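Scroll down for the structure; my scribbles are underneath it.
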Amino acid sequence: MTGPATDADDILDIVGVGFGPSNLALAVAVREHNADRPAAEHLTQVYFEKQPAFGWHRGMLIDGATMQVSFIKDLVTMRNPASEYGFLSYLHDNDRLADFINHKSLFPSRVEFHDYLEWVARRFQDVARYGSEVVAMRPGPGGDHIEVIVRRGGEHRVQRARNVVVAVGQEPALPDDIELGDRIWHCAQLLERVERLTEEPRRAVVVGAGQSAAETTEFLHRRFENAEVSAIFLRYGYSVADDTPFANRIFDPESVDVFYGAPENVKRMLFDYHRNTNYSVVDQELADELYRRVYQERVRGVERLRILNASRLHAVRRDVTGDGLRVDVEHLPTGEKRSFGVDLVVYATGYRPIDPANVLGEVAEYCRRDAGKRPAITRDYRLETDDRLRAGIYLQGGTEQTHGISAQLLSNTAVRAGEIVRSIAGARVGAV
Ligand SMILES: Cc1cc2nc3c(=O)[nH]c(=O)nc-3n(C[C@H](O)[C@H](O)[C@H](O)COP(=O)(O)OP(=O)(O)OC[C@H]3O[C@@H](n4cnc5c(N)ncnc54)[C@H](O)[C@@H]3O)c2cc1C
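Residue 326 in the working numbering sits at position 294 of the sequence shown, and the numbers go up by one each step.
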């Protein structure tokens, strides 16, 4: 039996797995690197993306939801403020620069930021391969390149690469034993699921206390004017994200150096101190808005938004008396249990990084492990491989334990992309 067809005879300098913001920022950095150099030093690049077109968390592009990061931390500005791919150039191109300034906000809506990302992605159509999922990799003969196996439609093809940059993002995290379905969703699917509803829900519950949970609660309560929406979470109340200036420094490019060089116990300590900048926390404005609604409803005597705090959702089961669901909820301080019927359960229980091993395939066997048995990774985001494999494998995302809390976020995307390009270009010069 012959293997999958080879896509091109050429070995590309960079093959990206995933074309979300991280690898889009890389594509920009590569193009800008090439623009400044003679043709002999140009890096070639292609990115495989399994979605049919560019899309950034489309299921949560809730009207009114804003970015959790300043627009200045776009795909490029922190690396090259003069770039033509920055958010300000996008605004200028769309004739909204003055209007945006009058807005007096550093935080655009997610819908607008998505539009910015699409605007950049459109200018990189030539290097994007949509509808193409990377399913495995294997070392090429001699170990100086990697064969990337890509599924497109029903076919598999191979693309050879001197360097692979894996930026596959995150996947929805759910409690064990939860099966998603027509009435049980993860918030990652929120908007497309809502669009497909044939009947308005009368009672919905949202599980979780982080930003996505609060946004989902706010959205369902606003969208379905007659529905009762219950937020269920273990905390006593929503906790607000710490975005104060000193704490925000944990997202600075410089903090990656500090974090990377720190002993393991200090890394853990810093992570724990500052997890409330990002994890299980909510923007102040949104928390205030939800409280305002709860209070106004109490004044009017119609309680549609219910906060079931310090509570655990134990079970979700089919309602034998109808076609809905029943949920069993325990109020933890009192142990009081209650059960009620709902039409909809939305889990907003977070995301976890997709394990790069899913796409590394055979190549994973060539990767060295650190003392904690995790893949060893250098400061320039390169996986350490043994002597049999000289091709480069880089990770964007999934490096929180080594590079710090910004690894999964946008804050450092521009600078990280520049560092990876420098590493790849440097290795090429070294090889010559
Ligand atoms: C709702 C939501 C809002 C957020 N808002 C912010 C924010 O305001 N600020 C912030 O800093 N961070 C935010 N984040 C964090 C988020 O991780 C980053 O915004 C960003 O998405 C990271 O970009 P990425 O390219 O690394 O990953 P992703 O955006 O997840 O992109 C990964 C891409 O890889 C593709 N892919 C996966 N596997 C394969 C494969 N095998 N083959 C081909 N393609 C593949 C996926 O389809 C996807 O398009 C948010 C996250 C969510 C869920």
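For every residue, glycine included, the Cβ atom is placed at its ideal position computed from N, Cα and C.
Remember, predicted model here, so these are calculated numbers, not experimental data.
Local conformation of residue i per DSSP, three classes
i: S443; result: coil
i: L415; result: strand
i: W151; result: helix
i: T34; result: The predicted model places T34 with a pLDDT of 46, which falls under 50 and marks its position as unreliable; any figure quoted below should be read in that light. T34: coil per DSSP, three-state reduction.
i: Y379; result: strand
i: R267; result: coil
i: L44; result: strand
i: T410; result: coil
i: T366; result: coil
i: Q100; result: coil
i: G163; result: coil
i: H146; result: helix
i: A279; result: helix
i: H188; result: strand
i: F372; result: strand
Proximity of residue i and residue j at Cβ, strictly below 7 angstroms
i: Y398; j: V197; result: no
i: F251; j: I133; result: no
i: I409; j: V200; result: no
i: D106; j: G96; result: no
i: S455; j: D418; result: no
i: Q77; j: V159; result: yes
i: R344; j: E321; result: no
i: W88; j: Y122; result: no
i: H218; j: P204; result: yes
i: V180; j: V47; result: yes
i: V272; j: A220; result: no
i: V166; j: V182; result: yes
i: A446; j: A85; result: no
i: T249; j: L222; result: no
i: L441; j: P53; result: no
i: L340; j: V348; result: no
i: L364; j: A380; result: no
With 16 other Cβ atoms within 10 Å as the buried cut-off, status of residue i
i: G293; result: exposed
i: H177; result: buried
i: N444; result: buried
i: G466; result: The first residue shown for the chain is 33 and the last is 464, placing residue 466 beyond what the model contains.
i: Q428; result: buried
i: V143; result: exposed
i: I104; result: exposed
i: M99; result: buried
i: R384; result: exposed
i: M465; result: As shown, the chain starts at 33 and ends at 464. That puts residue 465 outside it, with no answer to give.
i: G174; result: exposed
Boundaries (first-last residue) of the beta strand (DSSP E) holding residue i
i: E362; result: 357–363
i: N195; result: 195–198
i: Q202; result: 202–204
i: S343; result: 343–350
i: V239; result: 235–239
Limits of the unbroken alpha helix (DSSP H) element including residue i
i: M301; result: 296–306
i: F291; result: 285–293
i: F119; result: 119–125
i: V226; result: 222–228
i: Y135; result: The sequence given here has His at residue 135, not Tyr. Where H135 is concerned, the enclosing alpha helix (DSSP H) stretches over 129–135.
i: Y426; result: Taken as a continuous stretch (DSSP letters only), Y426 belongs to no alpha helix (DSSP H), being part of the beta strand (DSSP E) at 424–427.
i: L322; result: 316–332
i: F156; result: Careful: F156 lies outside any alpha helix (DSSP H) and carries neither H nor E.
Any non-hydrogen atom of ligand 1 within 6 angstroms of residue i CB
i: D54; result: In the sequence under discussion, the amino acid at residue 54 is Ser, which differs from the Asp named in the question. Under cutoff, so the answer is yes.
i: A380; result: no
i: G429; result: yes
i: V49; result: yes
i: G96; result: no
i: F89; result: Note that residue 89 corresponds to His in the displayed sequence, not to Phe. Checking the Cβ of H89 against ligand 1 gives yes.
i: V190; result: no
i: F256; result: no
i: M301; result: no
i: Q316; result: no
i: Q157; result: no
i: K82; result: yes
i: A294; result: no
Cβ-heavy atom distance, residue i to ligand 3, below 6 angstroms
i: R420; result: Absent from the structure shown: ligand 3. Ligands present: ligand 1.
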